[in-house]
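**Q** The sequence shown maps to residues 664 to 918 in this note's numbering. Ideal Cβ placement from N, Cα and C applies to all residues, glycine included. Before I ask anything, here is the structure I am working with.
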Amino acid sequence: MLAVLGGRTTGVIAGFGQLGHFLADTARAVPDARTWGQQVGTQMRRLGVDSLPIALFIAAFTGIVLALLASYVFTGAVPLYLVGTLVGKTIIMELGPVLTALALAGRVGANIAAELGTMRVTEQVDALETLAYNPYSYLVIPRVIAGTIMFPVIVTFAMATGLLMGWLAATTLLPVTDAEFQRGLMLYFVPFDVQFGLIKSASFGFVITTIGCFLGLTTRGGAEGVGAATTRTVVYSAALILVLDAYWAVTLLRK
Numbered sequence: 664m665l666a667v668l669g670g671r672t673t674g675v676i677a678g679f680g681q682l683g684h685f686l687a688d689t690a691r692a693v694p695d696a697r698t699w700g701q702q703v704g705t706q707m708r709r710l711g712v713d714s715l716p717i718a719l720f721i722a723a724f725t726g727i728v729l730a731l732l733a734s735y736v737f738t739g740a741v742p743l744y745l746v747g748t749l750v751g752k753t754i755i756m757e758l759g760p761v762l763t764a765l766a767l768a769g770r771v772g773a774n775i776a777a778e779l780g781t782m783r784v785t786e787q788v789d790a791l792e793t794l795a796y797n798p799y800s801y802l803v804i805p806r807v808i809a810g811t812i813m814f815p816v817i818v819t820f821a822m823a824t825g826l827l828m829g830w831l832a833a834t835t836l837l838p839v840t841d842a843e844f845q846r847g848l849m850l851y852f853v854p855f856d857v858q859f860g861l862i863k864s865a866s867f868g869f870v871i872t873t874i875g876c877f878l879g880l881t882t883r884g885g886a887e888g889v890g891a892a893t894t895r896t897v898v899y900s901a902a903l904i905l906v907l908d909a910y911w912a913v914t915l916l917r918k
């Protein structure tokens, strides 16, 4: 038992050491803008634009469910115009950023880990170094920048879609008028709500892409190693998304 515990502890410490080296190498590659600057646009399309459909799909049904749930909870207790309040606050500040990030952890994070892991085990990363390309400039920085920039954009569209579908559900399936829903939506709305959601989504994008790149480039063991790296990327990203969600709530919402 002590041997197993010691081995796992050593493995965790070694993992943090690898992460430290990865972050240091990435930071040293930032001045090489000529290399990574040419890749950012492509990665923004791949990680951002191509991820919009799944984000909008999730946001649409989240808005519908929230409107119906609010009606069920508020029945006979508070005015139904507060359906707009619940839908607006929840979509903008919590479920829009978090559910979108959890979905994109599977799509974006797993894709990055699988792609870079395959490049590592097939020695394509070594070939880049042979051709005098810094793999951190060419592979890591464009993906991290693209994820950090595009996640707030995706979440913005998700917020709008969730609010729209919540409004449609409330006004067509519930005894709530357009004016009542808009009254509830604007009742407690402040611009900081949107800023809070976008700050969280940018941090989620940074974490997901960084973890995907790190685990992809440190992949070992052929196809089995690529599969393991992909799985770990999704699991670690989901865990860190929830940790960051709590961190931003404590940091930015506590008065």
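Any idea what DSSP makes of tyrosine 899, helix, strand or coil?
**A** Within the sequence shown, the letter at position 236 stands for residue 899. Of the three classes helix, strand and coil, the one that applies to tyrosine 899 here is helix, per DSSP.
**Q** So arginine 846 is in the alpha helix (DSSP H); what residue range does that whole segment cover?
**A** Walking along the sequence shown from the start, residue 846 turns up at place 183. Looking at the DSSP string, the run of the alpha helix (DSSP H) that includes arginine 846 is 841–850.
**Q** In whole angstroms, give me the CA-to-CA distance for tryptophan 830 and glycine 875.
**A** The residue you call residue 830 lines up with position 167 of the sequence shown. The residue you call residue 875 lines up with position 212 of the sequence shown. Roughly 36 Å between the two C-alpha positions.
**Q** Cα separation between leucine 774 and threonine 893?
**A** Counting from one through the sequence shown, the residue named residue 774 turns up at place 111. Counting from one through the sequence shown, the residue named residue 893 turns up at place 230. Note on identity: in this sequence residue 774 is asparagine, with leucine being the wrong assignment. Using only the alpha carbons, I get a separation of about 8 Å.
**Q** How is aspartate 713 classed by DSSP in three states: helix, strand or coil?
**A** The residue given as residue 713 occupies position 50 in the sequence shown. Helix.
**Q** Counting C-beta neighbours from all protein chains within 10 Å, is the total for threonine 914 16 or more, i.e. buried, or is it exposed?
**A** In the sequence shown, the residue the question calls residue 914 occupies position 251. With fewer than 16 Cβ atoms within 10 Å of its Cβ, threonine 914 is classed as exposed.
**Q** Quick one: give me the first and last residue of the alpha helix (DSSP H) that asparagine 774 is part of.
**A** On the sequence shown, residue 774 is found 111 positions in, with the first residue counted as 1. Run containing asparagine 774: 773–784, per the alpha helix (DSSP H) assignment.
**Q** Have a look at Ala821, Gly747 and Ala677 and flag the residue whose alpha-carbon is nearest the alpha-carbon of methionine 849.
**A** As a working mapping, residue 849 is identified with position 186 in the sequence shown. Nearest option by C-alpha distance: Gly747.
**Q** What are the boundary residues of the alpha helix (DSSP H) that valine 857 is part of?
**A** Taking the sequence shown and counting its residues from 1, one reaches residue 857 at position 194. Valine 857 -> alpha helix (DSSP H) spans 854–880.
**Q** Can you tell which of Leu745, Lys752 and Thr873 has the C-alpha that lies nearest to the C-alpha of glutamine 858?
**A** Here the question's residue 858 lines up with position 195 in the sequence shown. For glutamine 858, the nearest C-alpha among the options comes from Lys752.
**Q** So, with DSSP's three-state summary, where would you put arginine 883?
**A** For the purposes of this step, residue 883 is taken as residue 220 along the sequence shown, with counting starting at 1. It is coil, neither helix nor strand.
**Q** Between the Cα of leucine 715 and the Cα atoms of Ile904, Gly704 and Thr819, which residue gives the shortest distance?
**A** On the sequence shown, residue 715 is found 52 positions in, with the first residue counted as 1. Cα-wise, what sits closest to leucine 715 is Thr819.
**Q** Can you find a heavy atom of the ligand HEM that lies under 7 Å from the Cβ of serine 714?
**A** As for the ligand HEM, it is missing from this structure, which has no ligand bound.
**Q** What residue from Met782, Ile817 and Val675 has the CA that sits closest to arginine 709's CA?
**A** As a position in the sequence shown, residue 709 is number 46, starting the count at 1. Comparing Cα positions, the closest option is Ile817.
**Q** Below 8 Å CB to CB, which residues in the same chain sit around tyrosine 801 once its five sequence neighbours on both sides are set aside?
**A** Along the sequence shown, read from residue 1 onward, the residue named residue 801 stands at position 138. Once the five neighbours on either side are set aside, the close Cβ partners of tyrosine 801 are Thr698, Trp699, Gln702 and Leu791.
**Q** Mind checking tyrosine 799: buried by the 16 CB within 10 Å criterion, or exposed?
**A** The residue given as residue 799 occupies position 136 in the sequence shown. Result: buried.
**Q** Drop a sphere of 10 angstroms on the beta-carbon of leucine 916, count the other beta-carbons inside from all chains shown, and report buried for 16 or more, exposed for fewer.
**A** Taking the sequence shown and counting its residues from 1, one reaches residue 916 at position 253. It counts as exposed.
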